[in-house]
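Quick note: the sequence shown uses our numbering, first residue 1, plus one each step. Positions of the beta carbon are idealized from the N, C-alpha and C atoms, including for glycine.
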Amino acid sequence: MPVRKVQVAFGFTDGTWREVEIEVPEEEERVLDEDEVREEALLLARQMEFDGKMISFRSVLHISSPEGGYCEESWPY
(Lines of atoms letter the chains of each structure in order from A; the text may use other names.)
(Lines give C-alpha, C1' and ligand atoms only; values in the text may rest on other atoms or scores of the structure.)
Protein backbone atom coordinates (compact mmCIF):
# COMPACT_ATOMS: atom_id res chain seq x y z
CA MET A 1 0.00 0.00 0.00
CA PRO A 2 1.48 3.38 -0.97
CA VAL A 3 1.84 6.11 1.65
CA ARG A 4 2.24 9.88 1.53
CA LYS A 5 4.65 11.36 4.06
CA VAL A 6 3.58 14.55 5.79
CA GLN A 7 5.76 16.71 8.03
CA VAL A 8 3.66 18.15 10.85
CA ALA A 9 4.84 20.69 13.42
CA PHE A 10 3.42 20.50 16.94
CA GLY A 11 3.56 23.61 19.11
CA PHE A 12 3.34 23.14 22.87
CA THR A 13 2.00 25.48 25.52
CA ASP A 14 5.46 25.71 27.11
CA GLY A 15 6.78 27.51 23.99
CA THR A 16 8.62 24.51 22.51
CA TRP A 17 7.78 22.68 19.31
CA ARG A 18 8.53 19.39 17.56
CA GLU A 19 8.41 18.31 13.92
CA VAL A 20 7.09 14.80 13.20
CA GLU A 21 6.71 12.80 9.98
CA ILE A 22 3.30 11.13 9.65
CA GLU A 23 2.52 8.51 7.02
CA VAL A 24 -0.90 8.72 5.37
CA PRO A 25 -1.90 5.49 3.60
CA GLU A 26 -3.38 5.66 0.10
CA GLU A 27 -5.30 3.09 -1.89
CA GLU A 28 -3.58 1.51 -4.88
CA GLU A 29 -6.21 2.72 -7.34
CA ARG A 30 -6.75 6.26 -6.00
CA VAL A 31 -4.23 9.01 -5.30
CA LEU A 32 -5.41 11.47 -2.64
CA ASP A 33 -5.31 15.16 -3.44
CA GLU A 34 -3.29 17.52 -1.21
CA ASP A 35 -6.32 18.63 0.85
CA GLU A 36 -7.32 15.02 1.57
CA VAL A 37 -3.76 14.16 2.62
CA ARG A 38 -3.59 17.25 4.86
CA GLU A 39 -6.93 16.44 6.54
CA GLU A 40 -5.97 12.80 7.16
CA ALA A 41 -2.56 13.81 8.54
CA LEU A 42 -4.16 16.24 10.98
CA LEU A 43 -6.64 13.56 12.09
CA LEU A 44 -3.73 11.21 12.79
CA ALA A 45 -1.81 14.04 14.49
CA ARG A 46 -4.68 14.64 16.92
CA GLN A 47 -4.15 11.11 18.26
CA MET A 48 -0.50 11.72 19.15
CA GLU A 49 0.76 12.57 22.63
CA PHE A 50 4.16 13.84 23.77
CA ASP A 51 5.06 12.95 27.36
CA GLY A 52 1.99 14.71 28.73
CA LYS A 53 2.81 18.06 27.07
CA MET A 54 -0.19 20.21 26.19
CA ILE A 55 -0.39 20.86 22.43
CA SER A 56 -1.35 24.39 21.42
CA PHE A 57 -1.28 23.92 17.62
CA ARG A 58 -0.58 21.49 14.78
CA SER A 59 0.61 22.71 11.39
CA VAL A 60 1.24 20.81 8.15
CA LEU A 61 4.66 21.84 6.81
CA HIS A 62 5.24 19.59 3.78
CA ILE A 63 3.41 16.83 1.91
CA SER A 64 5.26 14.29 -0.21
CA SER A 65 4.32 14.00 -3.86
CA PRO A 66 2.63 10.80 -5.05
CA GLU A 67 5.91 9.86 -6.78
CA GLY A 68 7.91 10.24 -3.55
CA GLY A 69 10.02 13.06 -2.19
CA TYR A 70 8.68 16.27 -0.73
CA CYS A 71 7.07 19.03 -2.74
CA GLU A 72 8.94 22.33 -2.69
CA GLU A 73 6.00 24.28 -1.26
CA SER A 74 4.72 24.17 2.29
CA TRP A 75 1.21 24.76 3.58
CA PRO A 76 0.75 26.23 7.03
CA TYR A 77 -2.57 25.06 8.46
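Taking the beta strand (DSSP E) that residue i belongs to, which residues open and close that run?
{"i": "V31", "result": "From DSSP, V31 is part of no beta strand (DSSP E); its letter is neither H nor E."}
{"i": "G15", "result": "G15 -> no beta strand (DSSP E), and no H or E assigned at all."}
{"i": "S59", "result": "55-63"}
Nearest by alpha-carbon distance to residue i: which of the options is it?
{"i": "V3", "options": "D14, F57, E21", "result": "E21"}
{"i": "G11", "options": "H62, R58, S65, S64", "result": "R58"}
{"i": "E29", "options": "V8, M1, V60, S64", "result": "M1"}
{"i": "G130", "options": "I55, V8, E36", "result": "Limits of the chain in this structure are 1 at one end and 77 at the other, which puts residue 130 out of reach."}
{"i": "I63", "options": "D35, E27, W17, L43", "result": "D35"}
Would you call the CB atoms of residue i and residue j closer than 7 Å?
{"i": "E49", "j": "V24", "result": "no"}
{"i": "A9", "j": "L61", "result": "yes"}
{"i": "Q7", "j": "E19", "result": "yes"}
Is it buried or exposed, residue i, if we count other Cβ atoms within 10 angstroms and call 16 or more buried?
{"i": "R38", "result": "buried"}
Please find out if some non-hydrogen atom of the ligand NAD comes closer than 6 Å to the beta-carbon of residue i.
{"i": "D14", "result": "In the structure shown, the ligand NAD is absent, as is every other ligand, since no ligand is present at all."}
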